[in-house]
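In what follows, a structure is listed as C-alpha cells, so that the remarks can point back to it.
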Amino acid sequence: MREEHLRYLVCPRCSGDLSIAQLNNVIGDSIENAQLQCSGCGTTYDVIRHIPRFVPLQNYASSFGLEWTRHSRTQYDSYSGARVSEERFFKETGWPRQMPGETILEVGSGSGRFTEQAASTGAMVVSLDLSYAVEANYSSNGHKDNVLIAQADIYSMPVRTDFFDRLFCIGVLQHTPDVERSFLSLPKYLKVGGSLVIDVYRYFWWQYFLPGYWLREITRRLSPERLYKLCHMYVSLMWPVARLINKLPKGRYINQLLLIADYRGVYDLPEKTLKEWAILDTFDVLSAFHIKPQSIERVRAWFAKAGMENAEVHYGYNGIEGHGTRAV
Ligand SMILES: C[S@@+](CC[C@H](N)C(=O)[O-])C[C@H]1O[C@@H](n2cnc3c(N)ncnc32)[C@H](O)[C@@H]1O
Ligand SMILES: [Zn+2]
750 MREEHLRYLV
760 CPRCSGDLSI
770 AQLNNVIGDS
780 IENAQLQCSG
790 CGTTYDVIRH
800 IPRFVPLQNY
810 ASSFGLEWTR
820 HSRTQYDSYS
830 GARVSEERFF
840 KETGWPRQMP
850 GETILEVGSG
860 SGRFTEQAAS
870 TGAMVVSLDL
880 SYAVEANYSS
890 NGHKDNVLIA
900 QADIYSMPVR
910 TDFFDRLFCI
920 GVLQHTPDVE
930 RSFLSLPKYL
940 KVGGSLVIDV
950 YRYFWWQYFL
960 PGYWLREITR
970 RLSPERLYKL
980 CHMYVSLMWP
990 VARLINKLPK
1000 GRYINQLLLI
1010 ADYRGVYDLP
1020 EKTLKEWAIL
1030 DTFDVLSAFH
1040 IKPQSIERVR
1050 AWFAKAGMEN
1060 AEVHYGYNGI
1070 EGHGTRAV
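Note that this note's numbering has the sequence shown beginning at 750, numbered continuously upward.
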C-alpha cells in the first residue's frame, strides 16, 4: 500500500483514523511491512507483503485463497485474450467506461479480475477480500496508483461510511455465512445517491438432487490443498470424455452433473484456458465453505429493507443481479 492511500482506511472496530505506528520496510513508494494504529481505540493492524490485514490471514474463506492464488490469472481478460470479465463487469454494473475522480468499493475481489476492470475507468478502487486471495490481486493490480487492496471482512470493513460513489459485490454474497446480513452491511458505505451492484446465486428447488450438493458436505471439510489435487486429477481424466459428452444434446448439462464446467462452445477461449476454468470451477463448487443461493423475492425484499431507491432486481449473470441507489 502507499502512504497516501491511508486516507481511505479506518479502524474497523471504531472507525478511528489509522496512522503508521511502525514502518519496517518500504519498496519504492509502497509500504511492504508496517504496523498501523488506530487513533481512537489504539488497535494495531499489520501490513504484510504490501497489504493491510484486518482479519486473521487464515479463515473460513481460505479455500478461496488457494483457488485464486493457483488461478491468479485464469479469468483475467489480459491473460485469456477474451473479453469475458470486461463484458460482464460493464454489463452487470451498467457503469460508464470512464469515472475519473470517483471512488469505488469492491467487496470480495478474489483474484481481482473485476478490480482490473474497475481500475481501468480511472476511478480510485478500494478492493477488499476476506481470504489471502488478496495476494493474487495485489500481484496483478497492486502496482496501480488508483488501487488499494486490503484483507478484510464484509461484516466489519475498514473503510469510511457515507464515502463511496459506487460499490460492487459480485460472486460473493452466497459464500458468506449470513447472506442477508452481508447484503445489509453494504449500503452505508455509499454516499447518498451512490450506486450499489450485487449478484447472488439463484435458488432452485432441485438443487438438492445435484450430486455436487451432497458431495460438498464431505469435500468442503478436506484440506484445500488435498481437494485441489483431487479436482485437478479428476478434471484432467474426464476432460477428453467431457469433450464427447459436450457434443450430445444437453451435453453441457450432463457434464455439469458430472461436475465438469465445460465452456467449449460458450466462450471462445483456447483449450488450455478452458481446462483451467473447468478445474477452477470444480474446485470452487466442492471447496467453498458456504454456498447459499437465494430467491429473487428475497433479494427484492433486501433492497426494500435497506431503503434503496431505483431498485432493480432481475435474473442475470451468476443467477440474480440487483442494482439500486442509496436514498438515505
Ligand atoms: C467466488 S469468489 C469471487 C471473486 C470475484 N468477485 C470474482 O467474481 O472473480 C468469492 C470471494 O468472496 C470472498 N469472501 C467470502 N466471504 C467474505 C467475507 N465475509 N468478506 C469479504 N470477502 C469474502 C472470498 O474470499 C472469495 O475471494
Ligand atoms: Zn479503533
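Note that CB positions come from ideal geometry on N, CA and C, so glycine has one too.
Nearest-angstrom beta carbon gap, residue j and residue i [assumed within contact, 8 angstroms]
i	j	result
G843	I903	With a Cβ gap of about 22 angstroms, G843 and I903 do not count as contacting.
R915	I853	5 angstroms
V804	Y1016	At roughly 33 angstroms, the Cβ-Cβ gap does not stay under 8 angstroms, so V804 and Y1016 are not in contact.
F912	V946	Going by Cβ atoms, the distance from F912 to V946 rounds to 17 angstroms, so no, they are not a contact pair.
V1034	R965	7 angstroms
T1074	E1058	5 angstroms
A885	W955	That belief does not hold up - the Cβ atoms of A885 and W955 are roughly 34 angstroms apart, past 8 angstroms.
M848	T870	4 angstroms
P907	C760	7 angstroms
E855	A872	Wrong, their Cβ atoms sit about 11 angstroms apart, outside the cutoff.
L767	L758	5 angstroms
L959	L1006	7 angstroms
G860	S812	Here residue 860 is Ser; the residue named in the question, Gly, does not match the sequence. Contact doesn't hold; Cβ gap of about 14 angstroms is too wide.
Other residues of its chain near residue i: CB distance less than 8 angstroms, five sequence neighbours each side excluded
i	result
V796	M750, I780, E781, N782, A783, Q784, L785, R802
F953	P1042
Y1064	R951, I1045, E1070
W988	I1009, K1024, A1027
V1077	V941, G1056
In DSSP terms, what residue i is bridged to
i	result
Q866	In DSSP, Q866 forms no bridge with anything.
Y1016	R1013
E781	According to DSSP, E781 bridges with nothing at all.
L1078	Nothing in the structure corresponds to residue 1078, since the chain is present only between 750 and 1077.
S788	Answer by DSSP bridge pairing: none, since S788 is not bridged.
Y1064	I1069
A759	Note that residue 759 corresponds to Val in the displayed sequence, not to Ala. In DSSP, V759 forms a bridge with D766.
T714	Because the chain in this structure spans residues 750 to 1077, residue 714 falls outside the shown range and cannot be described.
S1044	Partner(s): none; S1044 has no beta bridge.
E855	S876, F917
Same chain, Cβ closer than 7 angstroms to residue i, neighbours up to 5 away in sequence not counted
i	result
I1028	C980, H981, V984
G1068	D948, V949, Y950, R951, P1042
T793	A770, Q784, L785, Q786
V874	I853, E855, T864, A867, A868, N895, V896
T925	I903, S931, H1039
L939	F913, L916, L945, R1075
V775	E781
Chain-order list of residues whose beta-carbon lies under 6 angstroms from that of residue i (same chain, five-residue window excluded)
i	result
G814	S880, Y881, A882
H754	L897
L1018	S829, A831
H1072	V946, E1061
G1000	I994
R909	V759
Proximity test, residue i beta-carbon vs ligand 3 heavy atom, cut-off 7 angstroms
i	result
G1071	With respect to small molecules bound, the structure shown includes ligand 1 and ligand 2 and not ligand 3.
Review point. Along the chain, which unbroken stretches of the alpha helix (DSSP H) at least 4 residues long are found entirely within the segment 792-845?
Key: As summarised for the segment 792-845, the continuous alpha helix (DSSP H) elements at least 4 residues long and confined to that stretch are 811-819, 826-829, 833-842, given in chain order.
Review point. Per the contact definition of three or more C-beta pairs closer than 8 angstroms, is the segment 872-883 in contact with the segment 895-911?
Key: Here the segment 895-911 lies against the segment 872-883, with 3 or more beta-carbon pairs under 8 angstroms apart.
Check your understanding: Fully enclosed by the segment 894-969, which beta strand (DSSP E) runs are 3 residues long or longer?
Key -> Residue ranges of uninterrupted beta strand (DSSP E) with 3 or more members, entirely inside the segment 894-969 and ordered along the chain, are 896-900, 913-918, 939-949.
Check your understanding: Can we say the segment 1035-1043 touches the segment 990-999, given the rule of at least three CB pairs closer than 8 angstroms?
Key -> No, they do not touch.
Review point. Is there contact between the segment 824-840 and the segment 1048-1056, where contact requires at least three CB pairs shorter than 8 angstroms?
Key: Taking 8 angstroms as the limit for Cβ pairs, the verdict is that the segment 1048-1056 does not touch the segment 824-840.
Point to revise | Sufficient close CB pairs (3 or more, under 8 angstroms) joining the segment 1031-1041 to the segment 961-974 | key: Three or more beta-carbon pairs drawn from the segment 1031-1041 and the segment 961-974 are found closer than 8 angstroms, and the two stretches are therefore classed as touching.
Check your understanding: Are at least three pairs of beta-carbons, each pair with one atom in the segment 947-957 and one in the segment 921-934, less than 8 angstroms apart?
Key -> Flag = yes, the segment 947-957 and the segment 921-934 touch.
Check your understanding: Is the segment 815-831 touching the segment 887-895, taking contact as three or more C-beta pairs under 8 angstroms?
Key -> Verdict: yes, contact present.
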